[in-house]
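Sequential numbering of the sequence shown, starting at 1, is according to my numbering. Note that beta-carbon positions come from the ideal geometry of N, C-alpha and C, so glycine has one too. Notes follow once the structure below has been shown.
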Amino acid sequence: MADGSTTNSGQRYAAVLTDEPVYLAFSNSETMHTWLTLLRSYAVPEVYGAAIIPSEGGLYRMWRQVEVHCISARDLGQPKPLEHSRPSGTRPLPPIPSNISHSSSGSDSNGSCASGMSDGSGDYDVWCEIWVNSMLCARTTVKRSTANPEWQESFLISDLPPFETLQITLHKEKRGSTRSIPIGSIVVSLGTFQRGEYMEGWNSIMGTITNASTGSGFYSQVGELRLKLKVDE
1 MADGSTTNSG QRYAAVLTDE PVYLAFSNSE TMHTWLTLLR SYAVPEVYGA
51 AIIPSEGGLY RMWRQVEVHC ISARDLGQPK PLEHSRPSGT RPLPPIPSNI
101 SHSSSGSDSN GSCASGMSDG SGDYDVWCEI WVNSMLCART TVKRSTANPE
151 WQESFLISDL PPFETLQITL HKEKRGSTRS IPIGSIVVSL GTFQRGEYME
201 GWNSIMGTIT NASTGSGFYS QVGELRLKLK VDE
């Protein structure tokens, strides 16, 4: 069979290896859960100490999951100095790394462009994407025409590989448009996050601010997202 050909059953074959993700669609949730159960039964678990006690299959198996509760956001698209960005008693999260790009739109009072919603927040719909280890794992529902959305939505992401980062990116889309624009992101280092305890607080959303006259860009807070997180390992 030639490379890249398609069979009558809809299967596609390619000899070239790729690291790109593969997406599967199921007709209903029951079929999806059946497929996942069969996949787990054939998958090789992450077992440690197999060489020490081969008769029992090893010493222990790693199991990881993250609970993410997206509660609400506020002041989207309103850049402010970081020293005034968080109320006392909340745990700050690190900013997004410099290699993550963001589109820009709108302008602030200093003539700088911001990736937030300052250009008419009532015309935009907002939602969040949740990424673990650079893989998209969940999305919140879309909140209509607001710069202060309330989600109150929870996600349980389990059967995870070794922890790296959790990133939550907020997006906006103008009503009647099909083009979404990132507002900003927060990033949590799961490798150092405290295990087994819920952590809740307001966290800075970092977005790109571009000077309209010079074209130079820098990161600034463009809102806050209230999160409740729990990491188990």
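Where residue i falls: helix, strand or coil (DSSP)
i: Pro252; result: Here the chain has residues from 1 to 233 only, and residue 252 is not among them.
i: Leu156; result: strand
i: Gly201; result: strand
i: Thr208; result: strand
i: Ser55; result: helix
i: Leu190; result: helix
i: Glu20; result: coil
i: Gln78; result: coil
i: Val142; result: coil
i: Leu225; result: strand
i: Glu129; result: strand
i: Glu237; result: Not covered by the structure: residue 237. The range shown for the chain is 1 to 233.
i: Ser177; result: coil
i: Glu233; result: coil
i: Pro94; result: For Pro94, the predicted model reports a pLDDT of 40, less than 50, meaning its position is unreliable; a value from the coordinates is still stated below. Note: Pro94 maps to coil in three-state DSSP.
i: Ser220; result: strand
For residue i, the nearest candidate out of the options (CA to CA)
i: Lys174; options: Ala138, Arg144 and Ser27; result: Arg144
i: Arg139; options: Lys172, Ser204 and Tyr124; result: Lys172
i: Thr169; options: Met135, Asp159, Val231 and Pro54; result: Met135
i: Gly182; options: Cys128, Glu153 and Leu190; result: Rather than Gly, the amino acid found at residue 182 in this sequence is Pro. Answer by Cα proximity: Cys128.
i: Ser177; options: Val126, Glu20 and Val22; result: Val126
i: Arg61; options: Met32, Val68, Ile157 and Ala43; result: Ala43
i: Glu233; options: Thr34, Val66, Ser185 and Trp202; result: Val66
i: Gln221; options: Leu36, Ala73 and Pro21; result: Ala73
i: Leu156; options: Phe193, Pro162 and Arg64; result: Arg64
i: Pro161; options: Thr208, Cys137, Thr146 and Ser180; result: Cys137
i: Val231; options: Ala25, Leu76, Leu190 and Gly77; result: Leu190
i: Thr192; options: Arg179, Asp123, Phe163 and Tyr124; result: Phe163
i: Pro79; options: Val47, Ser204 and Lys228; result: Ser204
i: Gln235; options: Gly223, Lys228, Phe26 and Pro21; result: Only positions 1 to 233 of the chain appear in the structure, and residue 235 is not among them; the question remains open.
i: Asn148; options: Thr208, Asp123, Thr34 and Ala25; result: Asp123
i: Ile130; options: Leu76, Cys70, Thr146 and Leu39; result: Cys70
i: Thr146; options: Leu59, Asp75 and Glu197; result: Asp75
i: Leu39; options: Gly223, Ser154, Arg226 and Asp159; result: Asp159
Continuous alpha helix (DSSP H) stretch holding residue i: start and end
i: Leu38; result: Ser29 to Tyr42
N- and C-terminal bounds of the beta strand (DSSP E) containing residue i
i: Lys172; result: Thr165 to Lys174
i: Ala138; result: Met135 to Arg139
i: Ile71; result: Gln65 to Arg74
i: Asp123; result: Here Asp123 belongs to no beta strand (DSSP E), and DSSP marks it neither H nor E.
Whole-angstrom C-beta distance between residue j and residue i, which should lie under 8 Å
i: Trp151; j: Thr165; result: So it is not a contact: roughly 21 Å between Cβ atoms.
i: Gly184; j: Met199; result: So it is not a contact: roughly 20 Å between Cβ atoms.
Chain B contact for residue i (CB, 8 Å cutoff)
i: His171; result: In the displayed structure, chain B is absent; only one protein chain is listed.
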